[in-house]
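Undergrad: Following this message is one structure expressed as structure tokens.
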Amino acid sequence: MFGQRMAVSVLALLTLAACGTESGSGSGSGDGSGTVRTDLPVTGVHWNVDSVTVGGKRTAAPDGAHVTITPDGRATGNFGCNHFTAAVRVDGDTVTVKPATTTEMGCEKDLQQFERALSGTFSGRLTAAATEKHLTLTTAKGDSIAFTSEPSAPLIGTTWTVTALVSGSAVSSLPAGAEKKARLSFGKDDSVQGTPGCNQFRGAAKVSGSAITFGRINGTKMMCPDPQMKVERALLAILDGKTTYRIDHRTLTLTAANGEGFSATAPAPGK
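According to this note's numbering, the sequence shown is numbered sequentially starting from 1164.
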């Protein structure tokens, strides 16, 4: 049920966008169960859930709760614990959300309470009101969800913390003892520097479109615990020659020509 509620939140986002700053008559269709007006500044926007107000009681959202609407009429997001996806439809300032699918991870008590608050709000028809940075979805009873847009982290100047290794379609977490130790950042002078887990490194990194071409990487050569050394070897092998990269909000995915790569996250704004 929570997935459906989040879907509603997504729909609301779409509706808000419809009330936004751009105008036009273009339209787009999804999978037949939802539509998204492509002339509105709604798709591709990362909307953080700020709070839910039910029966006059406001509940602050947990960190990580968000909604993003794709151009093909799908809403995806996270309420702070579980992920969801749903089809959405926007008609003027009315947002309608189709039944959503969600993950079923066990959540802490506070998150479960927040989920219950969303379940009654993210259902049925919602009225959206939006500005460039803020979105509000309101039910017929007056309950509401508040959102704030958040831009994607820039590649240059961001400290990226490696969170997982990628091999083709397989994603694996970093081994115990190596979590949150590998970091890198790109400079305006076509450089990259950081630590692959233990040692320090610096080298050349030329960014062109969606590609990054790495030159010679120089670094210290200390011996480190096995988990960190394993990650270091994997990362340094990826930072060699031409790679492709993609940024999804605050997540960077970098992939070498052989399909090996890694994902990394940027810190939340203000942190």
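We put the beta carbon where it would ideally sit given N, CA and C, even for glycine.
Keep in mind the model is a prediction, meaning the values are calculated, not measured.
Can you name, in chain order, every residue of its own chain whose Cβ lies under 6 Å from the Cβ of C1118, other than the five neighbours on each side?
TA: Because the chain here runs from 1164 to 1434, residue 1118 falls outside it and cannot be looked at.
Undergrad: Inspect the beta-carbon positions of P1390 and P1317 and report whether they are closer than 8 Å.
TA: No, the pair does not count as a contact, with Cβ atoms beyond the cut-off.
Undergrad: Using the DSSP secondary-structure output, state which residues sit across from R1409 in a beta bridge.
TA: R1409 pairs with T1416.
Undergrad: Over the uninterrupted beta strand (DSSP E) stretch that includes D1213, give me the two end residues.
TA: Unbroken beta strand (DSSP E) run through D1213: H1209 to V1217.
Undergrad: Report the start-end ranges of each beta strand (DSSP E) in the stretch 1342-1428 that is 3 residues or longer and not cut off at the edges.
TA: Within the stretch 1342-1428, the complete beta strand (DSSP E) runs of at least 3 residues are 1346-1350, 1354-1358, 1364-1371, 1374-1382, 1404-1411, 1414-1419 and 1423-1428.
Undergrad: By Cβ distance below 7 Å, which residues in the same chain neighbour G1193 in space, the five residues on each side in sequence not counted?
TA: A caution first: G1193 carries a pLDDT of 38, below 50, which makes its placement in the model too unreliable to give a value.
Undergrad: I think T1266 touches A1427, with their Cβ atoms under 8 Å apart; what is that distance to the nearest whole Å?
TA: About 22 Å separates the two Cβ atoms, so there is no contact after all.
Undergrad: Between the stretch 1329-1346 and the stretch 1303-1316, are three or more C-beta pairs nearer than 8 Å?
TA: Taking 8 Å as the limit for Cβ pairs, the verdict is that the stretch 1303-1316 does not touch the stretch 1329-1346.
Undergrad: Nearest-angstrom Cα distance between T1294 and R1396?
TA: The alpha-carbon atoms of T1294 and R1396 are separated by roughly 47 Å.
Undergrad: Compute the distance between the beta-carbons of D1403 and F1377, then report whether it is under 8 Å.
TA: Yes.
Undergrad: Could you tell me which whole alpha helix (DSSP H) segments of length 4 or greater appear in the stretch 1268-1345?
TA: Here the runs fully enclosed are 1272-1284.
Undergrad: DSSP three-state call for G1189: helix, strand or coil?
TA: Confidence at G1189 is low in this model, with a pLDDT of 34, below 50, so its placement is unreliable and the value that follows should be read with caution. In this structure, G1189 counts as coil in the three-state DSSP scheme.
Undergrad: Tell me whether G1236 sits in a helix, a strand or coil according to DSSP, three-state version.
TA: If DSSP states are grouped into helix, strand and coil, G1236 belongs with coil.
Undergrad: Would you verify that the beta carbon of T1284 is, or is not, closer than 8 Å to some beta carbon of chain D?
TA: Among the chains in the structure shown there is no chain D, since it carries only a single protein chain.
Undergrad: Could you give the distance in angstroms between the alpha-carbon of M1386 and the alpha-carbon of K1261?
TA: Computed Cα separation, rounded: 54 Å.
Undergrad: Tell whether a beta-carbon distance below 8 Å holds between G1360 and K1344.
TA: Yes, Cβ-Cβ distance for G1360 and K1344 is below 8 Å.
Undergrad: List the residues that DSSP assigns as beta-bridge partners of K1220.
TA: DSSP, once it has assigned bridges, lists V1217 as partnering K1220.
Undergrad: Taking the alpha-carbon positions, what's the H1229 to S1214 distance?
TA: The alpha-carbon atoms of H1229 and S1214 are separated by roughly 11 Å.
Undergrad: DSSP has K1249 in a bridge; who is on the other side?
TA: A quick correction: the sequence has Ala, not Lys, at residue 1249. A1238, per the DSSP bridge assignment.
Undergrad: Between the C-alpha atoms of T1418 and T1321, what's the straight-line distance to the nearest angstrom?
TA: Their backbone Cα atoms lie some 18 Å apart in a straight line.
Undergrad: Locate the beta strand (DSSP E) running through T1257, then write down its first and last residues.
TA: From DSSP, the beta strand (DSSP E) with T1257 extends over T1257 to V1260.
Undergrad: When the Cβ atoms of the stretch 1292-1307 are set against those of the stretch 1327-1334, are three or more pairs found closer than 8 Å?
TA: Touching, no, given that fewer than three Cβ pairs across the two stretches are closer than 8 Å.
Undergrad: Since V1208 contacts T1231 with CB under 8 Å, what's their CB separation in whole angstroms?
TA: Right, the Cβ-Cβ distance comes to about 7 Å (below 8 Å), so this counts as a contact.
Undergrad: I think S1354 touches A1368, with their Cβ atoms under 8 Å apart; what is that distance to the nearest whole Å?
TA: Between A1368 and S1354 the Cβ distance is about 6 Å, and since that is below 8 Å, they are a contact.
Undergrad: Candidates G1287, F1349 and G1305: which alpha carbon is nearest G1219's?
TA: For the residues G1287, F1349 and G1305, the minimum Cα distance to G1219 belongs to G1305.
Undergrad: Beta carbon of K1384, beta carbon of N1362: below 8 Å?
TA: Yes, the pair counts as a contact, with Cβ atoms nearer than the cut-off.
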